[in-house]
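Protein chains: 2
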Amino acid sequence: MTVDELVARAVDADRRAIARLVSMVEDASPLLREVMAALIPHAGSALVIGLTGAPGVGKSTSTSALVTAFRAQGLRVGVLAVDPTSPFTGGALLGDRVRMQDHATDDDVFIRSMATRGHLGGLAWATPQAVRILDAAGCDVVLVETVGVGQSEVDVAGLADTTVVLLAPGMGDGIQAAKAGILEVGDIFVVNKADRDGADAVVRDLRATVRMTERAPGDWRQPILTTVASRGEGIDELVAAIEAHRAWAVDSGTAQQRRVRRVRDEIQAIAIADLRRAIADLHGDERLDELARSVLAGEQDPYVAADTITAAMR
Amino acid sequence: MTVDELVARAVDADRRAIARLVSMVEDASPLLREVMAALIPHAGSALVIGLTGAPGVGKSTSTSALVTAFRAQGLRVGVLAVDPTSPFTGGALLGDRVRMQDHATDDDVFIRSMATRGHLGGLAWATPQAVRILDAAGCDVVLVETVGVGQSEVDVAGLADTTVVLLAPGMGDGIQAAKAGILEVGDIFVVNKADRDGADAVVRDLRATVRMTERAPGDWRQPILTTVASRGEGIDELVAAIEAHRAWAVDSGTAQQRRVRRVRDEIQAIAIADLRRAIADLHGDERLDELARSVLAGEQDPYVAADTITAAMR
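Protein chains in written order, with my numbering: chain A, 199 to 512; chain B, 199 to 512.
What follows is the structure, encoded as structure tokens:
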């Protein structure tokens, strides 16, 4: 099958074609260039919602509940679970599948996990490309779920139109660690497992921190919601908050700014990946090891070694 | 003060000079090139130990217990807590400081947190450079602690001579999520908080997984230890395991291979950062936004846009 045929099928929402295209992204296929060229005219209309938070806060359960809510509105939904760490996608993803199985027989829900470990800086270009596939395949909403404490959750914020940050009571140090990174990226905060002890404290804590954030008139005021996603409680309010953020983002011009930034980051990531490949082609592992050994031997510093590489590129 | 003077003081273990040099790494100072050139002759002898694991497993407590153990051997110890997420280093680092305050008055312990969010791909070159500073300042052991689920914990493995992966019972989904990423990076596994319910199950689980890993004769057999770091239990055994791994790594040649790889990664990261800067200088935000907007409008695909960038570089 040619790339054009494959893309045509994906645009017709053929599940196998969509899956094959996402696999091509995962594998960093050399055909991606052709794939993206063919997809571009069909993409651009999906609302991209990022869900992030520390492990154990209930991301998959929340995602599943959101899928149910959007399906009730008759929307077609794509779910992309990005696992930036690992090629072995054992426990975590099995868990996802169990939670997602409510939607397994729904033709208007497309769920896909994607591992991007292996290509350096892969998350930066692979995630927007996978989103573009689901978008072009007619998904009205694409939910991007990232296992995230660290770089990855910040990245998903750049990617999404609206970023939902999940927290939960009883996460110990995790919450503290997470809070530092998430405050700047969340458009909406959700304290999930709100029926558990300690939920009030998390809400109070968040509220105090959000209140301290400087905000100009007309800026988005991040709401703090509570949910029990496993029972669907609070999900309608979450959907309403997502819609309110969307409306604000369109009115304020933020929506378009974010999309421009997103594509700009993707373009830069592709360019960097190309340059990285060019470095490897030009120098080879042997030559790079030789440079590294001379730095280890104290014969030159790493900046001088890096100059050798960049000079050869130009 | 000139760079040479500053480096000379750091090599003499002057705490303020060391702190200033680490800040220069954090700020991506243009003087780093000079700093690294001056440091190179003094560095290379420290044993670098990575500690990683999900939030809440007790990384800081374990680090602190290891500091005590190495100090008892008369070694000079550096601790680098790398927070890849965030410029606001609120809760997490305050916690660290509290746990670390046992060592606050010890002149032979140097503890430093480093935030690297802000420079793209910063962790890749900033962490080895901060390690080099502590190494050149006469630390016999440098403990690098990363808050990590995700890319960052894999990175620290590339950086360290020996990587210790911490787990703890009662972390829910976190453990599962973590396990996937950590099995390939850990040289030593530690189940901390071993006095809590569920510790046995975590050990059993890990043991079963480690047993399934393919291993050639002569390969390192990852030990699984238990600790209660808050009471110092199991720390002597952990130190012994670190020493055993070190001996194996030197004998097998792995130690040298890892160091070569580490410097190679650093050189590449510097080269990539230089190229990234060159892209920004050549094109400017306005031009990059323009390219992004034309992709959004469906006029070109991101690969063609990236070609424009890389072509201009050469």
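C-beta: ideal position from N, C-alpha, C; glycine also.
Small disclaimer: the values here were computed from a predicted structure and weren't measured.
With a beta-carbon spacing of about 5 Å, F268 of chain B and V339 of chain B fall inside the 8 Å limit used to define contacts. DSSP, reduced to helix, strand and coil, places V383 of chain B outside both helices and strands of the structure shown, so it counts as coil. A straight-line Cα-Cα distance of about 11 Å links A263 of chain A and L341 of chain A. Below the 7 Å Cβ cutoff, chain A contributes no neighbours of E224 of chain B, its closest Cβ being approximately 15 Å away. For the set A:P415, A:A427, A:A215, the Cα lying nearest the Cα of L204 of chain A is the one of A:A215. Under the three-state reduction of DSSP, M222 of chain A is assigned to helix. Rounded to the nearest angstrom, the Cβ distance from D359 of chain B to R456 of chain B is 6 Å, consistent with a contact under 8 Å. In chain order, V458, R462 make up the part of chain B whose C-beta sits under 7 Å from the C-beta of D487 of chain A.
For S492 of chain B, there is no enclosing beta strand (DSSP E); the enclosing alpha helix (DSSP H) has its first and last residue at 452–494. Under the Cβ criterion of 7 Å, I309 of chain B is not counted among the residues facing chain A. Interface annotation for the stretch 232–249 of chain B against chain A: M234, A235, I238, P239, G242, criterion Cβ-Cβ distance under 7 Å. One thing to note: T250 of chain A has its Cβ no nearer than 7 Å to the Cβ of V280 of chain A. Put simply, the stretch 467–478 of chain A touches the stretch 490–510 of chain B. At least three CB pairs are less than 8 Å apart. In this model, D202 of chain B and V275 of chain B are separated by some 24 Å (Cα to Cα). Rounded to whole angstroms, the separation of the alpha carbons of R485 of chain B and E497 of chain B is 15 Å. Remark: C-beta atoms of V220 of chain A and A328 of chain A approach each other more closely than 7 Å. The C-alpha of A467 of chain A lies about 33 Å from the C-alpha of A366 of chain A. Taking 7 Å as the CB threshold, L219 of chain A stays off the interface with chain B.
Distance from the Cα of E412 of chain A is smallest, within the candidate group A:E431, A:A427, A:E382, for A:E382. Within the stretch 471–502 of chain B, the residues whose Cβ lies closer than 7 Å to some Cβ of chain A are D472, L473, R474, I477, L486, D487, L489, A490, R491, V493, L494, G496, D499, P500, Y501, listed in chain order.
Restricted to the stretch 231–289 of chain A, the beta strand (DSSP E) segments that are unbroken, complete and at least 3 residues in length are 245–251, 275–281, listed in chain order. Close to chain B, meaning a Cβ-Cβ distance shorter than 8 Å, is no residue of the stretch 395–417 of chain A at all. Using a Cβ-Cβ cut-off of 7 Å, T508 of chain A counts as an interface residue toward chain B, since at least one Cβ of chain B sits closer than that to its own. The Cβ atoms of E441 of chain A and W323 of chain A do not sit closer than 7 Å to each other. For A469 of chain A, the C-beta contacts it makes with chain B under 7 Å involve I477, A504, I507, T508, in order along the chain. In the three-state reduction of the DSSP assignment, A313 of chain A falls in the strand class.
When only Cα atoms are considered, V388 of chain A and L278 of chain A end up about 20 Å apart. Closer than 7 Å to the CB of I331 of chain B there is not a single CB belonging to chain A.
Burial state of R405 of chain B is exposed, judged by a 10 Å Cβ sphere holding fewer than 16 other Cβ atoms. For the stretch 420–439 of chain B, the set of positions with a beta-carbon nearer than 8 Å to some beta-carbon of chain A is empty.
Secondary structure note for V426 of chain B: it is in no beta strand (DSSP E), with a DSSP letter that is neither H nor E. In the DSSP assignment, T360 of chain A is bridged to A:I247. Counting C-beta atoms within 10 angstroms of its own C-beta, R394 of chain B has fewer than 16 neighbours from the protein chains shown and is therefore classed as exposed. If you draw a straight line from the Cα of F308 of chain A to the Cα of V448 of chain A, it comes to about 26 Å.
Our two residues, A504 of chain B and P500 of chain A, have alpha carbons roughly 28 Å apart in a direct line. In the structure shown, L332 of chain A falls within a helical segment according to DSSP collapsed to helix, strand and coil.
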